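So the sequences go chain by chain: U and R.
Reminder that position 191 of the first sequence reads as 191 in UniProt numbering, one-by-one numbering, no gaps.
Reminder that position 127 of the second sequence reads as 127 in UniProt numbering, one-by-one numbering, no gaps.
All remarks here apply to the structure that follows.
Protein chains: 2
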Amino acid sequence: MQKRVAGPEIERLIQLLAKLPGLGPRSARRAALHLVKKRESLMQPLTAALEEALDKIVICTTCGNVDTSDPCTICSDPRRDGHVIIVVEDVSDLWAMERASAINAKYHVLGGTLSPLDGVGPSDLNIATLVDRVRNGGVREVILAVNATVDGQTTAHYITDLLAGTEVRVTRLAHGVPVGGELDYLDEGTITAAIRSRTTF
Amino acid sequence: MQKRVAGPEIERLIQLLAKLPGLGPRSARRAALHLVKKRESLMQPLTAALEEALDKIVICTTCGNVDTSDPCTICSDPRRDGHVIIVVEDVSDLWAMERASAINAKYHVLGGTLSPLDGVGPSDLNIATLVDRVRNGGVREVILAVNATVDGQTTAHYITDLLAGTEVRVTRLAHGVPVGGELDYLDEGTITAAIRSRTTF
Ligand SMILES: [Zn+2]
Ligand SMILES: [Zn+2]
């Protein structure tokens, strides 16, 4: 706003909302007004939820998951198979895996990928703690569920090399045609992978 | 999340963030994780900004603007021309007018438009307070800067009728080709209006 049309508190709220992923300056203004209009039903509960999150949310020192207890709900769940650790880049990937309900294992959140160009080295990621978990025994398989990007694959290779001296089996997610996916929209690499890994009908 | 993978505080934060305009369930999850990661630089300041906004933001009883003082910054600014009142549907429209810096007048925020289908009648909008402001004198012109929608125009006609007995001049925004707009993308109504209001080159 060029001219001063409101107190600085509103402008500050808009500026901070605009830093959320998915919100730009325009949608941050709309969000701020929406909050003011829904004062009782949204602004107060959201403020309280943020206060509670600030107070309670911690990073699990075992696996890197975000939770309100350390060790987290997943690490301390005895019904989960602790022989299998799924390595993901981010907590959002852990959530995506859980939504799929494909496996009842434990996790390890790297907190990113190796990226020499961005100055991200092994010590910037939760890699040493993964090696510790494997060395402490009881782990039979490490599934590298990193993204199929260059940095993701670099990170997968690095971890595979690190774990080469251990007894653990290192696996990765299969490549192929996404369920519901149309061939016409897929890149050549995916189609080639799907052909190579074809199965009997 | 099907299975319980984290404490309920995180899920609650995600649910509330998803109620913001522009954020869906997926982007709310990303926003929540972003907040947790940027605890010091974003989550704490945003929580503080919301607390301050809850504490200080009020609706101006004169014009319906959102501010931290009542009367608001605009209503109490002696450098603004109080002879002209710009009537807008929403505070976001007031902000849009201010960004354009086209006029140095005062405002009146209706808080919506008349909408018989949605059960919105004159008593649901800040219309009586507008009539009071005009009757109290000192107002020479009321600019109806409502949206060029059916409900906006219905509202404009209703207000024009209400103010018919007063001395005030009631005007509306001009229709025409948006600056930078391409004719090929404009509807027939806009082109017709632009032709009818054509000016000498
Ligand atoms: Zn954990
Ligand atoms: Zn005001």
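Virtual Cβ for every residue (Gly too), placed ideally from N, Cα, C.
Predicted model, so just to flag it, every value in this text is computed and none were measured.
Report the neighbours of residue i on chain A: residues whose CB is nearer than 9 angstroms to its CB, in chain order.
i         : result
Thr-68(R) : Reference to chain A is not applicable here, since the protein chains of this structure are U and R.
Under 6 angstroms Cβ to Cβ from residue i, same chain only, skipping five residues before and after it: list those, please.
i          : result
Leu-130(R) : His-108
Arg-80(U)  : Asn-104 and Lys-106
Arg-169(U) : Glu-141
Val-177(U) : Ala-194
Asn-126(U) : Gly-64, Leu-110 and Gly-111
Thr-160(R) : Val-170
Thr-154(U) : Leu-114
To the nearest angstrom, how far is it from the Cα of residue i to the Cα of residue j?
i          : j          : result
Asn-104(U) : Ala-18(U)  : 37 angstroms
Cys-63(R)  : Leu-183(R) : 37 angstroms
Val-66(R)  : Cys-60(R)  : 6 angstroms
His-175(U) : His-34(R)  : 29 angstroms
Thr-188(U) : Thr-73(R)  : Note that residue 188(U) is Glu in the sequence shown, not Thr. Using only the alpha carbons, I get a separation of about 60 angstroms.
Arg-135(R) : Gly-7(U)   : 29 angstroms
Tyr-138(U) : His-83(U)  : The sequence shown places Gly at residue 138(U), rather than the Tyr named in the question. Near 6 angstroms, if we compare the C-alpha coordinates of His-83(U) and Gly-138(U).
Gly-121(R) : Ser-115(R) : 7 angstroms
Asp-55(U)  : Val-91(U)  : 19 angstroms
Pro-21(R)  : Pro-21(U)  : 13 angstroms
Thr-68(U)  : Glu-52(U)  : 10 angstroms
Thr-47(R)  : Ala-28(U)  : 15 angstroms
Thr-192(R) : Pro-71(R)  : 41 angstroms
Gln-44(R)  : Met-43(U)  : 16 angstroms
Tyr-158(R) : Arg-133(R) : 17 angstroms
Ser-41(U)  : Leu-50(R)  : 14 angstroms
Arg-26(R)  : Trp-95(U)  : 11 angstroms
Lys-38(R)  : Val-179(R) : 40 angstroms
Leu-117(R) : Leu-162(R) : 21 angstroms
With a threshold of 7 angstroms between beta-carbons, can residue i be considered close to chain U, or not?
i          : result
Gln-2(R)   : Caution applies to Gln-2(R), whose pLDDT of 47 falls short of 50 and renders its modelled position unreliable; the value that the coordinates give is listed next. At least one chain U Cβ lies under 7 angstroms of Gln-2(R).
Pro-116(R) : no
Ile-14(R)  : no
Ser-197(R) : no
Thr-47(R)  : yes
Leu-42(R)  : yes
Apart from the five residues just before and just after residue i, which ones in its own chain have a Cβ nearer than 7 angstroms to its Cβ?
i          : result
Ala-145(R) : Ile-86, Val-87, Val-88, Asp-93, Met-97 and Leu-173
Gly-152(U) : Glu-89, Thr-113 and Val-146
Arg-30(R)  : none
Ala-156(R) : Leu-144, Val-146 and Arg-172
Within 7 angstroms (strictly less), CB to CB, does residue i reach chain R?
i          : result
Lys-106(U) : no
Ala-100(U) : no
Ile-103(U) : no
Gly-180(U) : no
Leu-33(U)  : yes
Return the chain-ordered list of same chain residues with a C-beta closer than 8 angstroms to the C-beta of residue i, the five sequence neighbours on each side being excluded.
i              : result
Ala-32(U)      : Ile-10, Leu-13, Ile-14 and Leu-17
Met-1(R)       : Here the model assigns Met-1(R) a pLDDT of 42, short of 50, so the residue's position is not dependable, and the following value carries that caveat. Within the same chain, Met-1(R) has close Cβ partners Glu-11.
Ile-57(U)      : Val-66, Asp-67 and Thr-68
Gly-23(R)      : It is Leu, not Gly, that sits at residue 23(R) in the sequence shown. Result list for Leu-23(R): Leu-17 and Ala-31, in chain order.
residue 271(R) : No information on residue 271(R) is available, as it lies outside the stretch 1 to 201 that chain R covers here.
Thr-149(R)     : Thr-113
Tell me, please, which residues DSSP counts as bridged to residue i.
i          : result
His-108(R) : Val-87(R)
Arg-172(R) : Leu-144(R)
Ser-115(U) : Val-120(U)
Val-139(U) : Per DSSP, none; premise fails for Val-139(U).
Asp-161(R) : For Asp-161(R), which the question treats as bridged, DSSP gives no partner whatsoever.
Val-66(R)  : Ile-59(R)
Asp-81(R)  : Ala-105(R)
message: Along the UniProt domain "Toprim" (83–178) of chain U, where does the CB come closer than 8 angstroms to a CB of chain R? Name the residues.
response: Asp-90, Val-91, Ser-92, Leu-94, Trp-95, Glu-98, Arg-99 and Ser-101
task: Could you list the residues in the stretch 49–79 of chain R with a C-beta less than 9 angstroms from some C-beta on chain U, going in chain order?
output: Ala-49, Leu-50, Glu-51, Glu-52, Ala-53, Leu-54, Asp-55, Lys-56, Ile-57, Ile-59, Asn-65, Val-66, Asp-67, Thr-68, Ser-69, Cys-72, Thr-73, Ile-74 and Asp-77
message: Please list, in chain order, the residues of the stretch 16–27 of chain R that have any C-beta partner in chain U closer than 9 angstroms.
response: Within the stretch 16–27 of chain R, the qualifying residues are Leu-16, Leu-17, Lys-19, Leu-20, Pro-21, Gly-22, Leu-23, Gly-24, Arg-26 and Ser-27.
task: Can you list the residues near ligand 3, meaning Cβ strictly closer than 6 angstroms to any non-hydrogen atom, in the order they appear in the chain?
output: Although ligand 3 was asked about, the structure shown includes only ligand 1 and ligand 2 as ligands.
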